DNA sequence: CATAGTGTACTATTTAGCTATGACAGTGAC
DNA sequence: GTCACTGTCATAGCTAAATAGTACACTATG
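Chains as they are written, first to last, in this note's numbering: chain A, 1 to 136; chain B, 137 to 272.
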């Protein structure tokens, strides 16, 4: 049984989901700047996934300059906090865009969108819950 | 050049994206209950996509009882408006969940989430725009 | 009847993602 | 040097998604 686990969405590449998983850990401080990251083989074993897939995940993260690789030693979270802030901003912006544009495409008015969010946040503060949405 | 077009996300199956595209048209009333839907070959030509992929899209939509098939005639939007309402509710709920849980995972407080949405909605009311997000 | 349009089915091919497995190279501790 | 870890590379195989092309069945129209 894995120590940590991710609920994978079959309609999205695993390596992208693991990327976001790592990014979240960095953004929220679970992984701090300069921290050593689990090795390819460790993380592969923990998530029950092929090491090659983890390798691809890290290659992407490195391309985004979020992690640094020291050959023979391991991988480390970038020390540039500005980079981490930028990632957080980018991820939040993507979430926001997807949500608002999506709701507008469904025909919701701007005021409705705001009140739906406000209501959802007050009625069930903990994550992972079902939420009701009033529609017109 | 296609009359209508969709910006496809390569990280998600096309047939699912077309599904949502059709669902949105139904939910917003662009396609009304009982309306005839473009044929497999028509829609395939319009979206520049293989008819087999469109066929798969419609099979899924039919499984969700959103469209009805009359062999030899074509496909039609369901006449049950309650079904359409349910779809809208479901799609909005999915968007909401994804957004709120995502923001919470990024470390945003509930109040922050509400104000970010309120600000985004007021500052750029039209869809398809970039939005800034203030983070702490 | 023939025709044109509809949905449906089938085979074959390509590509991306993921897996399985093995091998090689750099680093630090002993 | 040896060992155990690290990252990296390469080959092969499997599956789902999408394409291409063909064919068949149903329906309305004439």
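Ideal placement from N, C-alpha and C gives every residue a C-beta, glycine not left out. Treat the numbers as computed from the prediction; the structure is a model and nothing was measured.
In three-state DSSP terms, what is residue i?
i: residue 49 of chain A; result: coil
i: residue 264 of chain B; result: Any reading at residue 264 of chain B must be qualified, since the residue scores a pLDDT of 49, below 50, and its modelled position is unreliable; the value itself is stated next. Reduced to three states, the DSSP call for residue 264 of chain B is coil.
i: residue 205 of chain B; result: strand
i: residue 74 of chain A; result: strand
i: residue 6 of chain A; result: coil
i: residue 168 of chain B; result: coil
i: residue 137 of chain B; result: Here residue 137 of chain B scores only 44 on pLDDT, less than 50, and its place in the model is too uncertain to base an answer on.
i: residue 116 of chain A; result: helix
i: residue 136 of chain A; result: Because the pLDDT at residue 136 of chain A is just 49, under 50, the model does not fix this residue reliably, and the value given afterwards should be weighed accordingly. The answer is coil: DSSP assigns residue 136 of chain A none of H, G, I, E or B.
i: residue 55 of chain A; result: helix
i: residue 11 of chain A; result: coil
For residue i versus residue j, is the C-beta spacing smaller than 7 Å?
i: residue 108 of chain B; j: residue 171 of chain B; result: The structure shown has nothing for residue 108 of chain B, since chain B only spans 137 to 272.
i: residue 91 of chain A; j: residue 57 of chain A; result: no
i: residue 114 of chain A; j: residue 253 of chain B; result: yes
i: residue 51 of chain A; j: residue 40 of chain A; result: yes
i: residue 53 of chain A; j: residue 21 of chain A; result: no
i: residue 211 of chain B; j: residue 173 of chain B; result: yes
i: residue 235 of chain B; j: residue 31 of chain A; result: no
i: residue 10 of chain A; j: residue 148 of chain B; result: no
i: residue 220 of chain B; j: residue 159 of chain B; result: no
i: residue 257 of chain B; j: residue 110 of chain A; result: yes
i: residue 69 of chain A; j: residue 60 of chain A; result: no
Run down chain A in chain order and give the residues with a C-beta less than 7 Å from the C-beta of residue i.
i: residue 143 of chain B; result: Under the 7 Å cutoff, chain A gives no residues; its nearest Cβ is about 11 Å from residue 143 of chain B.
Can you list the residues of chain B that residue i reaches, using a CB-CB cut of under 7 Å?
i: residue 18 of chain A; result: In chain order: nothing, as chain B lies at least about 13 Å away.
i: residue 113 of chain A; result: 253, 257
Would you list, in chain order, the members of the stretch 184-218 of chain B that have their beta-carbon closer than 8 Å to a beta-carbon of chain A?
Answer set for the stretch 184-218 of chain B: empty.
Give, in chain order, every residue of the stretch 159-182 of chain B whose Cβ lies closer than 8 Å to some Cβ of chain A.
Answer in chain order: 160, 163, 164, 165.
Counting only Cβ-Cβ distances shorter than 8 Å, please list the residues of the stretch 92-104 of chain A near chain B, keeping chain order.
Within the stretch 92-104 of chain A, the residues whose Cβ lies closer than 8 Å to some Cβ of chain B are 92, 93, 95, 96, 97, 98, 99, 100, 101, 102, 103, 104, listed in chain order.
Between the stretch 105-113 of chain A and the stretch 235-246 of chain B, do three or more beta carbon pairs fall short of 8 Å?
Too few Cβ pairs lie closer than 8 Å, so no.
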